[in-house]
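Right, one structure below, let's go through it.
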Amino acid sequence: MWPPFGRHNSNSAWEVVDAKSTEPVCVYDNPDELPILRVASENVNVSCTYDVRPPPPGDKVRSPVSAALLSARGRLLREAARAGYNVLLVEGWSVTLQRRSHFHAAPAHPTAAAAAAAAAPFRLSVHYTGRPAFLRGAHLGTRPPPPFFGMLQDWGVQVEREYLAAPPPPPPPPPPDDSRDRAAQPQENRERTVCRSASRLSRALRAPPPPRSPSPRDVKRRVARGGVKRGWRRSFSNVLRIIHL
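Sequential numbering of the sequence shown, starting at 1, is according to the UniProt record's numbering.
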């Protein structure tokens, strides 16, 4: 059974979201007719892990799922080339999408906590297996694609749409609703006008205070002033009369 048991969720900090796999199969249509000089005695395996982040809006790069699978296959071909082989006669793969778990203990150190917050929320765990062989006249253009690569591409589109798509930008805030202010403004003006009119009316209707009756002291003062004036006039008349005589 491929992949080996227990490799899908070996890290407790990650949880499996989805996975696709295919058993090792021959990637050539008629392997018996190929000029194969030698074949390895057993399959060669490679495991890779790739961090995946949501792409920015409008990014048209290749699907991260397809890119991860082709990268793991290229690594396996390089290892086969070190052993003197140039093709993979049999190929199989397994791709697992994992998401960072929210249930594991958070790091106590602030630096570690910041690094964990900045880490990628998803990752792809890729396991690739193949049987190396040496094919005469083989080069990069004659190698077939990985088995069931179209199925992987379709699954990659689904993964991007459901998990890796960048969240849409938040809607702009609604314009301030000043209809209430406009409705309250005339009411406030009317209230001010009514208050001013009421104050003017109250001042107009306010009755003047009644005349105050003179006090005895005021009466004495008036009488004293009148007597002084009459005495002064009488003295002045006598002086004029004497001068006339």
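The beta-carbon is built from N, C-alpha and C at its ideal position, and this holds for glycine as well.
Just so it is clear, the structure is predicted and the values come from calculations on it, not from any experiment.
Note: F134 is bridge-paired with R38 in the DSSP secondary-structure output.
N86 and L135 have their C-alpha atoms some 7 Å from each other. Residue pairing by DSSP places S21 opposite S94 in a beta bridge. Excluding sequence positions up to five before and after E79, its CB lies within less than 7 Å of the CB of V44, V46, all in the same chain and listed in chain order.
In the structure shown, F122 adopts extended strand secondary structure according to DSSP, grouped into three states. Taking C-beta separations shorter than 8 Å and ignoring five residues to either side along the sequence, the partners of G137 in its chain run P35, following chain order. Taking every protein chain shown into account, the CB of G150 has fewer than 16 other CB atoms within 10 angstroms, so this residue is exposed. Put simply, of A133, D18, A120 the residue whose alpha carbon is nearest the alpha carbon of A81 is A133.
Cβ neighbours of L77 within its own chain (closer than 7 Å, five residues either side excluded): L88. Judged by DSSP in its simplified three-state form, R100 adopts strand. Here Y50 carries a strand assignment [DSSP, helix/strand/coil].
Taking a C-beta distance under 7 Å as the contact criterion, Y128 and W93 qualify as a contact pair. A straight-line Cα-Cα distance of about 43 Å links E15 and D32. Relative to S101, the option among V90, G84, A83, P121 whose CA is nearest is P121. In the structure shown, V159 adopts helical secondary structure according to DSSP, grouped into three states. Annotated three-state conformation of V16 is strand, per DSSP. Closest option to V27, judged by alpha-carbon separation, among A165, Q153, P145: P145. The beta-carbon separation of L97 and V159, rounded to 6 Å, stays under the 8 Å limit for a contact. In the same chain as D18, and ignoring 5 residues on each side of it, the C-beta atoms closer than 6 Å to its own belong to L97, in chain order.
The three-state reading of DSSP puts V44 in strand, counting E and B together.
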